[in-house]
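No gaps in the numbering here: position 7 of the sequence shown is 7 in full-length UniProt numbering, and each next residue is one more. All C-beta atoms in this analysis are idealised placements derived from N, C-alpha and C, irrespective of residue type, glycine included. For clarity, every value in this text was computed on a predicted model and none was experimentally measured. To start, the structure itself, in structure tokens.
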Amino acid sequence: MKAQEDQLPDAAKRPARVRVLQPATVTRSSGEEQAVTVTDISANGFSLEGQSGLSVGEQIYLRLGKQGNVQGEIRWVAEAKAGGMLFESSPVGRT
1 MKAQEDQLPD
11 AAKRPARVRV
21 LQPATVTRSS
31 GEEQAVTVTD
41 ISANGFSLEG
51 QSGLSVGEQI
61 YLRLGKQGNV
71 QGEIRWVAEA
81 KAGGMLFESS
91 PVGRT
């Protein structure tokens with residue numbers, strides 16, 4: 001089974017993303033907070049809308065409701081949208 005997994009394309013190895021429209025807060029390293037909407041999330045990544053001024057490589061904290069902050073890094077930005085990876089498992093990835 002392991003040999004077959006090694007042959008899968010990277011997208012097939014990624015944890016499943018869940019499409020959501022979840023209000024959230026991004027906290028930047030400066031302490032500035034931005035209200036955003038998370039549009040999809042997985043155990044180790046996310047996409048969001050409504051961001052302003054985030055930069056690729058920027059370290060952030062993402063807070064989803066009462067779930068607490070999860071540290072992450074912005075990996076792409078396109079107009080008011082952005083996406084990134086999470087350094088800790090998101091609430092979606094927790095059992």
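* In chain order, which beta strand (DSSP E) runs of at least 3 residues are fully inside the UniProt domain "PilZ" (16 to 83)? -> 18 to 28, 33 to 41, 45 to 49, 59 to 64, 69 to 78
* Measuring alpha carbon to alpha carbon, tell me which of 28, 36, 52, 43 ends up nearest residue 17. => If you number the sequence shown from 1, residue 17 lands on position 17. When only C-alpha atoms are compared, the closest one is 43.
* **Where residue 88 falls: helix, strand or coil (DSSP)** => Numbered from 1 along the sequence shown, position 88 holds the residue referred to as residue 88. It is coil, neither helix nor strand.
* Determine the contact status of residue 37 and residue 47, defining contact as a CB-CB distance below 7 Å. => The residue labelled residue 37 in the question sits at position 37 within the sequence shown. The residue labelled residue 47 in the question sits at position 47 within the sequence shown. No, these two residues do not count as a Cβ contact at 7 Å.
* Alpha carbon to alpha carbon, how far is residue 76 from residue 84? Give it in angstroms, no decimals. => Here residue 84 is taken as the residue at index 84 of the sequence shown, counted from 1. Here residue 76 is taken as the residue at index 76 of the sequence shown, counted from 1. If you take the alpha carbons of residue 84 and residue 76, they lie about 7 Å apart.
* Asked: Can you give the Cα-Cα distance for residue 70 and residue 79, rounded to whole angstroms?
  -> Looking up residue 70 in the sequence shown gives position 70. Looking up residue 79 in the sequence shown gives position 79. Their backbone Cα atoms lie some 23 Å apart in a straight line.
* **Own chain, CB closer than 6 Å to residue 68, minus 5 neighbours either side, in chain order** => Against the sequence shown, residue 68 aligns to sequence position 68. For residue 68, where only same-chain residues beyond five positions count, there are no Cβ hits under 6 Å.
* Taking only the alpha-carbon atoms, compute the straight-line gap between residue 81 and residue 66 and give it to the nearest angstrom. => Position 81 of the sequence shown holds residue 81. Position 66 of the sequence shown holds residue 66. One C-alpha to the other measures close to 23 Å.
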